[in-house]
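Notes follow once the structure below has been shown.
There are 2 protein chains.
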Amino acid sequence: MADDKATADRIRSDGAITISDVARLAGVSKKTVSRVVNNEATVSDETRQKVQKVIAETGFVPNPQARALAFRRSFLVGLVYDNPNPQYVVNMQRGVLDALDNTDYQLVLQPCDRNSADYPDRILSFVSMHRPHGLILTPSVSEDEALTESLRRLDCDYVVVASVPLDIPQRNIRTHDRQGARLAAEHLAQLGHTSIGHIHGPPLFRSVGERLEGFREGLEAHGLELAPRYIREGAYNFASGVACGRDLLSTEDRPTAIFTGNDEMAVGVYVAAREAGLRIPEDLSIVGFDDTPIAERIWPPLTTVRSPIREIGRAAARLLIGRKEPEFSDLSEHLSYALDLMTRQSTSAPLKL
Amino acid sequence: MADDKATADRIRSDGAITISDVARLAGVSKKTVSRVVNNEATVSDETRQKVQKVIAETGFVPNPQARALAFRRSFLVGLVYDNPNPQYVVNMQRGVLDALDNTDYQLVLQPCDRNSADYPDRILSFVSMHRPHGLILTPSVSEDEALTESLRRLDCDYVVVASVPLDIPQRNIRTHDRQGARLAAEHLAQLGHTSIGHIHGPPLFRSVGERLEGFREGLEAHGLELAPRYIREGAYNFASGVACGRDLLSTEDRPTAIFTGNDEMAVGVYVAAREAGLRIPEDLSIVGFDDTPIAERIWPPLTTVRSPIREIGRAAARLLIGRKEPEFSDLSEHLSYALDLMTRQSTSAPLKL
DNA sequence: CTGAAAGCGCTTACAG
DNA sequence: CTGAAAGCGCTTACAG
């Protein structure tokens, strides 16, 4: 009783309970409390329960800064991205935050630009300064094998999200862009299109090649060809969609359908079609990629390949933190994501069959 | 020489230079190095230069975890938001990241939901656990005075972004939503509209009242009235824009122009107009708010009030970290932001004058 | 203007 | 299975 009061008095006035308080209250050493907190096996059930009881009663939460200093590793998870599409970024963030919810980890943002002078250095200096628990790399940075090698050298854990197998499976969340693009091709082929164009993104993204090849394969499966004169290179943004769309639609034997590497460029093609006096889908069918919100809001609503970005972000974060947390360890079935085709009103059979 | 080698040998093999290394190499105490790093005044020029030279040569970067533990304050800046608009979120993030660039601070994301059961607690427990350098609060969380009071009690610094004066000026970045809405009203009045509707957002946001009142004031300045039967409450999202648009346009004496509280709802009104067989802008003029990317991508491009969100994010972060960094201290002229009207093709004179 | 000691709240390395 | 000591890399509080 008197003892309880005396110990209570020693608890700091700002209300923060420390490991020493818990140790004293439970009548064990700090090291034992540490063992319980870190879920180490070698603690007797009796001791563990005694400590857990005190932790629950006091509301003790270990100080992340102190743990980080001692562990030489912080509780930050870095999300590294160079995707110009805000919707992609937000969805990925949401997925990661879903997984980090109710854990000790915090999400810190690391946008980057592979063309910038300080490109890998900024990321690497974040890593060596802050020693994050790990990094989640999204395309196209995820495809920079020089970067991942540097991370390994710095002993920094990471997960890559990519459309191709890039790293050991335990570090790779795969999206089947090739298969998704094939769905787009089959859809257009089944509608009866034969003159079909494609606007792809910057070749820096490995997904660009995957989508192109998947699309080509899908057409070939229906005896169709993707003619080189119907292929254009865009920049994954709206303006390049407008420009490439104008270009493709200005030729005499223009395509009757266009598949774009993302929704942003598809929306650009809408503008080019309008300028050319072409109705969608009667005169021109359009298929996008990503299923971002604008796909549903624009008129006519855009047929597009759906990529479950939020789920992918969640899986990536779980994979990263799951290496230590046992409850997240069974992820084998989530390492790879198939894509769907969202069929809307921007596609129909071509008029001039 | 032999001495140099001996000291060099003592530097840890993982390449991390510590304050002790710098102190030894510069022939001063750790405390003096600490003074230089933290820009404290009471160091002689000679000593300061000696230390800075060693810091430059060794590439010493103070360990943020150790500093955080000793300072009882981390180098994290939390961005707290409950805005459902991804574009707003991304732009705000970009602005904050602009300001944090080349500083020691990292951005951590704290999305929240004021209707959730763990609403303020999750934020407060982040604060008491991670002791962030400060928080940036955006609408509508920024308007929760119970939250800011709790933050002050926890001795947590913060900056609020809001359309009304909410806190002491040193903690408040203001956006002049009222004035922006007035611009929208004047534009429609000058075009000759007299039956004008308004779809506002959830009253939880103070900006909703500001925009409504500013719009009303702008109309009244032109002798026009905002009739209660032309006012609807939306949810700041696409679906509610469609629903409120349908509702407003289904009446016999429907308005010839609609001002919506954000672009998302404006795009919803496009759908309702299309369903009702109304042409934009000939039969119906629409004005949005925010100037998000969709405003330029949709057809016809949307006239909307532009809010410089990225700049606001930058100013908020500079204000927060500027309390200590002298180079950011002159911010008086950036504490308040006027809005512009982006006039595009969704507005014109009404047909039935 | 400068420094030696103690401390921030944890974990590691070691011992038993 | 458990603990005492030392250490992580800084800053605070104090002394001079």
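Listed in order, the protein sequences are those of chains A and B. Each residue of the first sequence is one higher than the last, beginning at 1 in this note's numbering. Each residue of the second sequence is one higher than the last, beginning at 354 in this note's numbering. Even for Gly, the Cβ is constructed at its ideal location relative to N, Cα and C. The structure displayed is predicted, hence computed values, not measured ones.
DSSP places Val512 of chain B in no alpha helix (DSSP H) but in the uninterrupted beta strand (DSSP E) bounded by 511-515.
With 16 or more neighbouring CB atoms inside 10 Å of its own CB, Arg697 of chain B falls in the buried class. Take Val595 of chain B, set aside five residues on each side of it, and the residues of its chain with a beta-carbon closer than 6 Å to its own are Gly621, Val624, Ala625, in chain order. CA-CA distance, Ala338 of chain A to Gly180 of chain A, rounds to 7 Å. In the three-state scheme derived from DSSP, where H, G and I count as helix and E and B as strand, Phe612 of chain B is classed as strand. Residues of chain A with a Cβ closer than 9 Å to the Cβ of Gln440 of chain B are, in chain order, Pro86, Gln87, Val90. Contact between Glu586 of chain B and Val517 of chain B fails: their C-beta atoms lie close to 19 Å from each other, not under 8 Å.
Of B:Val442, B:Met445, B:Ser478, B:Glu498, the smallest CA-CA separation from Arg559 of chain B is found for B:Glu498. Of the residues B:Ser495, B:Ile549, B:Gln440, the one whose Cα lies closest to the Cα of Asp466 of chain B is B:Ser495. Excluding its 5 nearest sequence neighbours in each direction, Gly666 of chain B has C-beta neighbours in its own chain below 6 Å: Met445, Gly448, Val449, listed in chain order. With its beta carbon at least 8 Å from every one in chain A, Met618 of chain B lies outside the interface. Looking at the DSSP output, Glu233 of chain A bridges to A:His200. From the beta-carbon of Met482 of chain B, the residues of chain A found nearer than 7 Å are Val61, Pro64. Closest by C-alpha distance to Phe591 of chain B, out of B:Ile584, B:Lys384, B:Gly641, B:Thr604, is B:Gly641. Per DSSP, Gly218 of chain A is not a residue of any beta strand (DSSP E); the alpha helix (DSSP H) it occupies stretches across 206-220. Chain A has no Cβ within less than 8 Å of the Cβ of Phe642 of chain B.
Per DSSP, Tyr119 of chain A is one residue of the alpha helix (DSSP H) stretching across 119-130. Taking 8 Å as the threshold, the shortest C-beta distance from Leu450 of chain B to chain A falls below it. Annotation for Leu183 of chain A: Gly218, Val305, Leu339, Asp340, Leu341 place their beta carbon closer than 8 Å to its own, counting only its chain and skipping 5 residues before and after. Each of A:Thr260, A:Ser348, A:Val160 was checked against the Cα of Gly201 of chain A, and the nearest Cα belongs to A:Thr260.
Take the alpha-carbon of Val80 of chain A and the one of Val513 of chain B: they are about 27 Å apart.
For the pair Arg607 of chain B and Arg569 of chain B, the Cα-to-Cα distance works out to about 18 Å.
When beta bridges are read from the DSSP output, Thr304 of chain A appears opposite A:Gly288, A:Met342. Linking Val442 of chain B to Asn85 of chain A through their CA atoms gives a straight-line distance of about 13 Å. The DSSP-derived three-state label of Val108 of chain A is strand. At a cut-off of 8 Å between beta carbons, Gln459 of chain B contacts chain A. Interface annotation, Pro464 of chain B: in contact with chain A, CB-CB separation under 8 Å. When rounded, the separation of the alpha-carbon atoms in Gly192 of chain A and Asn615 of chain B is 41 Å. Cβ contact annotation for Pro654 of chain B (same chain, cutoff 6 Å, sequence separation greater than five): Arg697, Gln698, in chain order. By the neighbour-count definition (other C-beta atoms within 10 Å, threshold 16), Gly277 of chain A is an exposed residue. When beta bridges are read from the DSSP output, Ser336 of chain A appears opposite A:Arg174. Here the alpha carbon of Ala162 of chain A sits roughly 7 Å from the alpha carbon of Asn172 of chain A. Residue burial is scored here from C-beta neighbours: Ser603 of chain B has fewer than 16 other C-beta atoms within 10 angstroms and is therefore classed as exposed.
Residue pairing by DSSP places Ile489 of chain B opposite B:Leu432, B:Val512 in a beta bridge. Taking a contact as a CB-CB distance under 8 Å, the pair Gly431 of chain B and Gln463 of chain B counts as one, their CB atoms being some 5 Å apart. Sequence-ordered contacts of the segment 421-434 of chain B with chain A read Ala421, Leu422, Ser427, Leu429 [C-beta pairs closer than 8 Å].
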